[in-house]
Amino acid sequence: MTKHMRRLFPLGLVSLVAGLVAVMLTGTAGIAATQARPTNTQPPTIAGTPEVGKTLTAREGTWTGDPTDYDYSWRRCDTDGGSCAG
Numbered sequence: 242m243t244k245h246m247r248r249l250f251p252l253g254l255v256s257l258v259a260g261l262v263a264v265m266l267t268g269t270a271g272i273a274a275t276q277a278r279p280t281n282t283q284p285p286t287i288a289g290t291p292e293v294g295k296t297l298t299a300r301e302g303t304w305t306g307d308p309t310d311y312d313y314s315w316r317r318c319d320t321d322g323g324s325c326a327g
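Here this note's numbering = 1-based position in the sequence shown + 241.
As structure tokens, this is what we get:
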């Protein structure tokens with residue numbers, strides 16, 4: 242890597258990061274002005290026995306505001322909550 246490239250790379254990276262932050266801030270400002278943030282009024286729950294062959298049931302709880310769409314993803318983790326797969 243030449244000295245010229247070493248000087249340009251950090252400046253280019255800073256410009257890229259600054260541009261992404263500006264896009265994120267302007268994009269969320271329009272959403273925040275028109276929609277109320279989701280607020281949890283009753284917490285989500287997971288019920289059942291976490292064993293092979295048993296059923297777990299998830300309930301999303303109660304939320305106000307928009308958006309209130311839900312996605313579920315089940316993952317198998319070690320006892321510390323790390324090394325998750327799924």
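Heads up, the beta-carbon is just placed ideally off N, CA and C, and yes, glycines get one too. Keep in mind it's a predicted model, so treat the numbers as computed, not measured.
In the DSSP assignment, ARG300 falls within the unbroken beta strand (DSSP E) covering 297-300. In the three-state reduction of the DSSP assignment, THR309 falls in the coil class, being assigned neither a helical nor a strand state. Per DSSP, the continuous beta strand (DSSP E) segment holding ALA288 begins and ends at 286-289.
GLY306 is a Cβ neighbour of PRO279, given a cutoff of 8 Å. Note that the C-beta distance between THR282 and THR303 is below 8 Å.
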